[in-house]
Amino acid sequence: MRAPIRLRFRLLGPVQVLLDERPVPLGGAGMRGLLAMLLLEPNQVVALDRIVDVLWAHEPPESARTMVQGYVSRLRQRLATVDPTGLVRIVTNPPGYQLLVDEQLIDVTVARKLVADAWGAPAVRRAELLRRAQLLWRGPELADIGGRVPAPELSELRLTVLEGRVEADLELGRHNEVIGELTQLVEEHPFRERLVGQLLLALYRSGRRTAALGAYQRFAQLAASHSGIEPGPELRALHARVLRDDTTLLDPQAESLSPRIGVVAPAQLPVSPSGFCGREREQNWLHQLPSIVDEQATGLGVVVGPAGVGKTALVVRWANQAVDRFPDGQLFAGLRGYDLRHAPVEPADVLAQFLLALGVRPDDVPVDAGERAALYRSLLAERRILVVLDDARDSGQVRPLLPGGTSSLVLITSRVRLDGLVAGFAARMLVLDTLDAEAAERLIEETAGSPIKGGEAALRRRLAELCGHLPLALRIVGARLAARPQWSVGDLVEELADEHTRLGALDVEGTDTSVRAALDVTYRALQPALAGTFRLAGLFPGPWLGPHAVAALCSTDVADARKRLRDLSASFVVTEISRDVFVMHDLVRIYAGELAAAELAEGDRAAGLRRLLRYYLLAAGTARNLLNPAAAERDADLPDYPDTQCPVLKSAQDAATWLEREWPNLMAIAEAGAAAGAQDDLLRLARIVSDVSSGSRGLTGPHLWLAGFHLAGV
2 MRAPIRLRFR LLGPVQVLLD ERPVPLGGAG MRGLLAMLLL EPNQVVALDR
52 IVDVLWAHEP PESARTMVQG YVSRLRQRLA TVDPTGLVRI VTNPPGYQLL
102 VDEQLIDVTV ARKLVADAWG APAVRRAELL RRAQLLWRGP ELADIGGRVP
152 APELSELRLT VLEGRVEADL ELGRHNEVIG ELTQLVEEHP FRERLVGQLL
202 LALYRSGRRT AALGAYQRFA QLAASHSGIE PGPELRALHA RVLRDDTTLL
252 DPQAESLSPR IGVVAPAQLP VSPSGFCGRE REQNWLHQLP SIVDEQATGL
302 GVVVGPAGVG KTALVVRWAN QAVDRFPDGQ LFAGLRGYDL RHAPVEPADV
352 LAQFLLALGV RPDDVPVDAG ERAALYRSLL AERRILVVLD DARDSGQVRP
402 LLPGGTSSLV LITSRVRLDG LVAGFAARML VLDTLDAEAA ERLIEETAGS
452 PIKGGEAALR RRLAELCGHL PLALRIVGAR LAARPQWSVG DLVEELADEH
502 TRLGALDVEG TDTSVRAALD VTYRALQPAL AGTFRLAGLF PGPWLGPHAV
552 AALCSTDVAD ARKRLRDLSA SFVVTEISRD VFVMHDLVRI YAGELAAAEL
602 AEGDRAAGLR RLLRYYLLAA GTARNLLNPA AAERDADLPD YPDTQCPVLK
652 SAQDAATWLE REWPNLMAIA EAGAAAGAQD DLLRLARIVS DVSSGSRGLT
702 GPHLWLAGFH LAGV
């Protein structure tokens, strides 16, 4: 009988497929990157759009989709060659591709299984299992694809394995053996508090108390200078015990760094962001929340706003400053509600993470999600804990993570309004807007790392304006100034002044940080009808738009257009500044225009502009008839567009108000209409506006100028 084929997949090092322990040729970095994405989400559908965005860092060539299809075809051929049984294969499953595979053939799955088996095992067994997991790494993860597929979870897995194995070795009394390894690890990961704590313990047990205290002081100084924060409570407690020469630390059997329920206060907050500017009103709002909890037992604050506006930075900064108000600990979870590379985190997984942090032994974590939630609520019932849930996709994702008691506070950030939490749980909501002008300029200066010269004050102000005062964009231009001292503020102003290159300029080279990437995430998460509306809105040339204009663009009725605009407003793609008046942030408007140019066929763009022009032609004609009835008879050739809905104007005053309000849009659509080949309608529009102006009725000269401009130029 023929022996079964031995097929394995490796991601913990160079990306490899092994057949009977021999590497299978895979082609270039693009093919290996695609395989890595499919292996990171085995048996799950990976969207084609996400593959394109990740492999080309949000700057794909026009042929990107075709190239991905070629990669898939060649990978299928390779897999069919090494596994003729077809058990491992790539299938097309809209909206992307799915790798069907036994997950135990993937080294990442094996490593995670070893980590899971190690939880709760005796120290000897734990050290053995985690050492086996450690041997699976053959260098940096995904080492040979040039960083094309970010996978920070693999780096985190490696550190989890290392920390767990070192902890087991410390329990076994191997403190002398691990000092060298820990010293190197702390140098590589200087802000990893658990590693620092393990080094302190190993040095102290080896009779090197002074060295242990020195290691703590170095970390404390580094944390203070880098982030302005102190070490966490666990590390501070360990330092205090070493400082007072607590000899009970010397007994490995009596001491373990593992948490115990009710003893260890979790401290999971990320490092507070540097260079934080402004937001005094918002920080004061957060500062008042705990007192509101005491008075009204609400315990829930929601911070919402568009991509890149600084929701996480605000909440994390405030939370780090408020740790003393939550003596029982701080829990943090990134929910990945809007992440093109990963699916949103399941509440059951967050509950497991929180229970472990609260000291529950792995074997005691319930399998059932409902039982996990019940245990979580029980543990927090009488404790004062801060829970931060970052980047929530919707209310349903966070409901199971809300404590049942009244003493804890939950802070949630999201790119969409979570009105369900306000209605169902009396949550307090803060809608975060862009920075004011002064704070925006200071943020550029702080990020750049050096004061901007006084003579450049006006240019700095202009640079902040071109960034739309959006914190993400401001940090990016500051980072560019810091990374390239030869660049002046004037150079960046010149580059950003061109709308065709502005989004490309708001990118940090060598990372996936960019305004376009942040907007991509929001756009890809929209429902298809809303995404289509957003693309068509990219054609609108005026400063603001309303339901009637969107109805014309999208060939729908006004009620549906109004609902679409308000749904887009809930995702902060547009902002409703007054009833039925919607605006886009400048960077969002440029992004929408790029989408319209890239994803709409030329004929569809021209048709959309024609429909828009026809709406303004009919609406202006209605207004003209009320303001100058005699002129209506001279324009008998005005076409009838029965599918176009116009606003209801009942009087000359209504007509005058509409024309004055719509003047900027009329001007913009008239200038854009020529590109759609609608000269006849443009002439009619110019004639109508001329009629309105000649009829006076209190309207001013610019309307007449518009008519003359187009009559002369069309």
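Residue 715, in the working numbering, is where the sequence shown stops; the numbers in between run on with no holes. Every residue gets a Cβ at the ideal spot worked out from N, C-alpha and C, and that includes glycine.
Exercise for review: Just the C-alpha distance for Glu281 and Trp664, rounded to the nearest angstrom, thanks.
Suggested key: 38 Å
Point to revise | Other residues of its chain near Asn44: CB distance less than 8 Å, five sequence neighbours each side excluded | key: Gln99, Leu100, Leu101, Val102 and Glu104
Check your understanding: Between Ala526 and Asp420, is the Cβ-Cβ spacing less than 9 Å?
Key -> no
Point to revise | Pair within 9 Å by beta-carbon distance, Leu200 and Val243 | key: no
Point to revise | Contacts around Glu231, its chain only, beta-carbon distance under 8 Å, and the 5 residues preceding and following it disregarded | key: Ala221, Ala224, Ala225 and Arg237
Check your understanding: When the Cα atoms are used, what is the spatial distance from Arg517 to Tyr339?
Key -> 14 Å
Exercise for review: Taking only runs that begin and end inside the region 377-423, name each unbroken alpha helix (DSSP H) of 4 or more residues, in chain order.
Suggested key: 396-399
Point to revise | 8 Å Cβ shell around Thr435 - same chain, five flanking residues per side excluded | key: Val310, Ala441, Gly469, His470, Leu471, Pro472 and His586
**Study point:** First and last residue of the uninterrupted beta strand (DSSP E) at Thr249
**Key:** Element bounds for Thr249: n/a, residue is neither H nor E.
Check your understanding: Below 8 Å, can you find three or more Cβ-Cβ pairs linking the region 324-333 to the region 78-92?
Key -> no
Exercise for review: Going by DSSP, name the residue or residues bridged to Arg429.
Suggested key: Gly302
Review point. Between the region 621-629 and the region 344-358, are three or more C-beta pairs nearer than 8 Å?
Key: no
Practice item. Measure the alpha-carbon distance for Ser187 versus Leu163 and round it to whole angstroms. Key: The question names Ser, but residue 187 in the sequence shown is Val. Distance between the alpha carbons of Val187 and Leu163 is about 12 Å.
Point to revise | In chain order, each beta strand (DSSP E) run of at least 3 residues that lies wholly inside the region 133-179 | key: none
Practice item. Please decide whether Arg503 counts as near chain B, where near means a Cβ-Cβ distance under 9 Å. Key: This model lacks chain B altogether; it includes just one protein chain.
Practice item. From the DSSP output, read off the bridge partner residues of Leu546. Key: Residue pairing by DSSP puts Leu546 in a beta bridge opposite Phe583.
Exercise for review: Reducing DSSP to helix, strand and coil, say where Asn666 ends up.
Suggested key: helix
Review point. In whole angstroms, what is the alpha-carbon distance linking Glu600 and Arg536?
Key: 8 Å
Check your understanding: Where does the unbroken beta strand (DSSP E) through Ala334 begin, and where does it stop?
Key -> Gln331 to Gly335
Review point. Since Glu577 sits in a beta bridge, which residues does DSSP pair it with?
Key: Phe583
Check your understanding: With which residues is Phe10 paired in a DSSP beta bridge?
Key -> Val18 and Ile107
Review point. What are the partner residues of Gly29, as DSSP defines its beta bridges?
Key: In DSSP, Gly29 forms no bridge with anything.
Review point. According to DSSP, is Val346 helix, strand or coil?
Key: coil
Review point. Helix, strand or coil: how does DSSP classify Asn94 here?
Key: strand
Practice item. Mark Ser275 as exposed unless 16 or more other C-beta atoms lie within 10 angstroms of its C-beta, in which case mark it buried. Key: In the assembly as shown, Ser275 is an exposed residue. Its beta-carbon has fewer than 16 other beta-carbons within 10 Å.
Practice item. Return the chain-ordered list of same chain residues with a C-beta closer than 6 Å to the C-beta of Gly479, the five sequence neighbours on each side being excluded. Key: Excluding sequence neighbours, Gly479 sits near Ile445, Thr448 and Ala449.
Exercise for review: Have a look at Ala213, His227, Ser228 and Asp252 and flag the residue whose alpha-carbon is nearest the alpha-carbon of Ala241.
Suggested key: Ala213
**Study point:** Backbone CA spacing between Val55 and Leu143 [nearest angstrom]
**Key:** 14 Å
Check your understanding: Using CA coordinates, which residue listed in Ile670, Cys647 and Gly604 is at the minimum distance from Trp659?
Key -> Cys647
Check your understanding: Under the three-state reduction of DSSP, which class applies to Ala48: helix, strand or coil?
Key -> strand
Review point. According to DSSP, is Arg1 helix, strand or coil?
Key: Outside the displayed range of the chain (2 to 715) lies residue 1, so it cannot be described from this structure.
Review point. Does the beta-carbon of Ala95 have 16 or more other beta-carbons within 10 angstroms, so that it is buried, or is it exposed?
Key: Reading off the sequence shown, one finds Pro at residue 95, where the question assumed Ala. When all chains shown are included, Pro95 counts as exposed.
Check your understanding: The alpha helix (DSSP H) with Tyr192 in it runs from where to where?
Key -> Checking the sequence, you will find Phe at residue 192 rather than Tyr. No alpha helix (DSSP H) contains Phe192, which DSSP labels as neither H nor E.
Check your understanding: In chain order, what residues of the same chain have a beta carbon less than 6 Å from the beta carbon of Ala393, not counting five sequence neighbours either side?
Key -> Leu336, Gly338, Val399, Ile413 and Ser415
Practice item. Return the CA-CA distance between Asp437 and Gly215, expressed in angstroms with no decimal places. Key: Approximately 43 Å, taken between the alpha carbons.
Check your understanding: Leu13 to Val109, Cα distance in whole Å?
Key -> Each residue's alpha carbon lies about 7 Å from the other.
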